[in-house]
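If you're matching positions, the sequence shown starts at 1324 in the working numbering and goes up one per residue. From the three backbone atoms N, C-alpha and C, an ideal C-beta is built for every residue, glycine too. In what follows, a structure is listed as structure tokens, so that the remarks can point back to it.
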Amino acid sequence: MTTYRLYALSLMIGLAILAITEGDSCRKGASGPPPNIVLIVIDDIGYNDLGCYGNDLIPTPNIDKLAAGGMRMTDFHTNGAVCSPTRAALLTGQYQQRSGVESAIGFTKDEGMPLAKTTIAEALARAGYKSGVFGKWHVGHVSRFGPNDQGFDWSVVSNNSPDYHTHVSRAGEIDWFKNQELYDEPGYLTDLVTRHSIEFIEENRDQPFFAFVSHVACHFPFQGPDDPPHRQVGKIWHDTKYGPLPEEEYKRAYRDMLMAVDKSVGETVATLERLGLRENTILFITSDNGAYSWVGSNAPYRGQKGDLFEGGHRVPAIVNWPGHVPAGSLSDATAMTMDLLPTFLQIAGAAPPDKVEFDGIDLSSVWLENNGLPDRTLFWRFNNLYTKKEAFAVREGKWKYVEKENKQFLFNLQEDPGEGVNLAGGHPEMVDSLRRQFKSWEQKVAEN
């Protein structure tokens, strides 16, 4: 009997060790506790708006330092050409069409990402993570489609893009919520996002956490920290949605807004260092779409926010994780926002959610080993809320097809990244192939 008990005990210990080993082996870069994840999304900035991507007009030293100590991606794309679609893809790891979020969600309480969708917060919770989101939500009104109902443990967010000082929306309502309850507090929005993010990090320092720092800046209204407040409760502000400044001041305000975000990034990194968390925290910085070309810069790419040309969706993407992501590395792997969720799960050692099929893929080998990615065809479809016009695009290797307003465009991005030469007339077979693939994809996402 004693021998049997010893054998049984040895077997149990062996199985436990095997389970731990297997759990670690499925986590990329595993050696110690799961890493903390800080995801910073800057609203409406273009490919060329950061110093590390070539901008010499807007100083962004803190972001540039992270890029120098980590990886810059040069072919990273948002799923949408505007806010809400990209955010839905980020939260679910799927094309936003599967969530029914095709355009920017307006000022309504009846439209939002379905609560039944499994989000990144819910997926990471299975691996013991606490999740918080701070800043812009914009995948449905917080009162009905809010972050706490979608797996986040803590949230301080806006529905849309309120006044940076009064926090009043274009609909004339206070648009600032703490854990889905109206929360009116004084302060410049970027500073509030920073403060609440840091408080969340401090309170969760002893366990793995996911902090989604979702800056409202640099979306209009264009208001730097020292610019005046504008919107007040009880009045509709659609006619002056860009804010109180004269048009010639927009670029200056945009610059000040982005500099404030860079300062926020520096304060966040300093907090991680002070708490001894920096070495075990992965940071990823990106945008939710391209910039408006009349305030920001999408150079050298064609188009702007709202376009399916490259300037509308090719954005900065920086990943930094000391000792894991090679410093000063550059990747031309073609990736999308929806890839972030499966990547973070892989790095965290979290099992994929049951009965959920991601459209995104794991980028961890790109980040950690600078590997390439398998070939795949990528799709965009955008229904413009205001013009009621639809456009779509398909990317297959070097080829990019865009169709809008019954016009066909085909570009060889390898030779013509600025999309200046339309090759559609000379390559009808490629146009036909990409259009067929789009129709097949469209049918697939409609079924789901």
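Candidates the options: which alpha carbon is nearest residue i's?
i       : options                               : result
Phe1632 : Lys1440, Asn1735 and Thr1513          : Asn1735
Ala1404 : Tyr1724, Phe1732 and Phe1715          : Phe1715
Gly1720 : Lys1711, Phe1702 and Glu1726          : Phe1702
Glu1570 : Asp1611, Val1618, Gly1589 and Leu1606 : Val1618
Ser1616 : Asp1630, Phe1468 and Ile1608          : Asp1630
Gly1651 : Ile1386, Asp1379, Met1394 and Leu1380 : Met1394
Ala1658 : Trp1644, His1636, Pro1676 and Asn1643 : His1636
Pro1356 : Leu1373, Asp1433, Pro1531 and Val1424 : Pro1531
Ala1390 : Asn1502, Thr1415, Ile1605 and Leu1380 : Ile1605
Leu1653 : Gly1369, Tyr1376, Lys1712 and Asp1367 : Tyr1376
Phe1705 : Ile1360, Val1361, Val1424 and Thr1594 : Val1424
Ile1575 : Leu1595, Cys1541 and Leu1600          : Looking at the sequence itself, residue 1575 is Arg, so the reference to Ile does not match. Among Leu1595, Cys1541 and Leu1600, the Cα nearest to that of Arg1575 is on Cys1541.
Tyr1418 : Leu1663, Phe1533 and Gln1473          : Leu1663
Pro1437 : Thr1415, Thr1513 and Phe1761          : Thr1415
Leu1757 : Gln1766, Gln1737, Gly1741 and Val1717 : Val1717
Val1361 : Val1456, Cys1406, Ala1439 and Thr1431 : Val1456
Met1582 : Leu1373, Asn1359 and Asp1367          : Leu1373
Residue i by DSSP, collapsed to three states: which one?
i       : result
Ile1381 : coil
Gln1731 : strand
Val1754 : helix
Asn1603 : helix
Val1424 : coil
Glu1713 : strand
Glu1765 : helix
His1542 : coil
Val1556 : coil
Ser1616 : coil
Phe1430 : coil
Glu1572 : helix
Ala1534 : strand
Leu1505 : strand
Thr1517 : helix
Arg1395 : strand
Gly1435 : strand
Tyr1724 : strand
Arg1410 : helix
Thr1594 : helix
Val1456 : strand
Glu1522 : helix
Gln1442 : Before going on, a small fix: residue 1442 reads as Thr here, not Gln. In this structure, Thr1442 counts as coil in the three-state DSSP scheme.
Arg1837 : Residue 1837 is absent from the structure shown; the chain starts at 1324 and stops at 1771.
Ile1584 : Inspection of the sequence shows that residue 1584 is occupied by Val rather than by Ile. Three-state DSSP puts Val1584 in a helix.
Glu1770 : helix
Thr1609 : strand
Does the beta-carbon of residue i have 16 or more other beta-carbons within 10 angstroms, so that it is buried, or is it exposed?
i       : result
Arg1597 : exposed
Gly1626 : buried
Pro1551 : exposed
Tyr1452 : buried
Ala1671 : buried
Asp1755 : exposed
Pro1384 : exposed
Trp1722 : buried
Arg1493 : buried
Val1462 : buried
Asn1371 : buried
Lys1564 : exposed
Pro1509 : exposed
Arg1759 : exposed
Glu1680 : exposed
Asp1698 : exposed
Ala1769 : exposed
Val1744 : exposed
Thr1409 : buried
Ala1593 : exposed
Please go through the same chain and pick out, in chain order, the residues whose beta-carbon is closer than 8 Å to the beta-carbon of residue i, but skip the five residues on each side of it.
i       : result
Val1491 : Pro1485, Ile1497, Asp1498, Arg1554, Gln1555, Val1556 and Trp1560
Asp1549 : Asp1579
Gly1495 : Arg1554, Gln1555, Val1556, Gly1557, Lys1558, Ile1559 and Trp1560
Leu1338 : With a pLDDT of only 39 at Leu1338, under the threshold of 50, the placement of this residue in the model should not be trusted, and no figure is reported.
Tyr1506 : Val1479, Trp1499 and Phe1500
Give every residue of the same chain whose Cβ lies closer than 7 Å to the Cβ of residue i, excluding the five residues on either side of it in the sequence, and list them in chain order.
i       : result
Ala1674 : Arg1449
Gly1566 : Phe1543, Pro1544, Phe1545, Gln1546 and His1553
Asp1655 : Thr1397 and Asp1398
Gly1474 : Thr1442, Ala1444, Glu1445, Ala1448 and Ser1454
Trp1764 : Phe1702
Please list, in chain order, all residues of the same chain as residue i whose beta carbon is under 6 Å from its beta carbon, the five residues on each side excluded.
i       : result
Ile1363 : Val1536 and Ile1608
Gly1369 : Gly1613, Ala1614, Gly1619, Ser1620 and Asn1621
Glu1434 : Ile1428
Glu1525 : none
Ile1365 : His1538, Val1584 and Ser1610
For residue i, verify whether its CB is less than 8 Å away from any heavy atom of the ligand GTP.
i       : result
Lys1388 : This structure lacks the ligand GTP; in fact it carries no ligand of any kind.
Length-filtered (4 minimum) alpha helix (DSSP H) runs lying within the segment 1462 to 1498: 1465 to 1468
Length-filtered (3 minimum) beta strand (DSSP E) runs lying within the segment 1617 to 1705: 1640 to 1643 and 1652 to 1654
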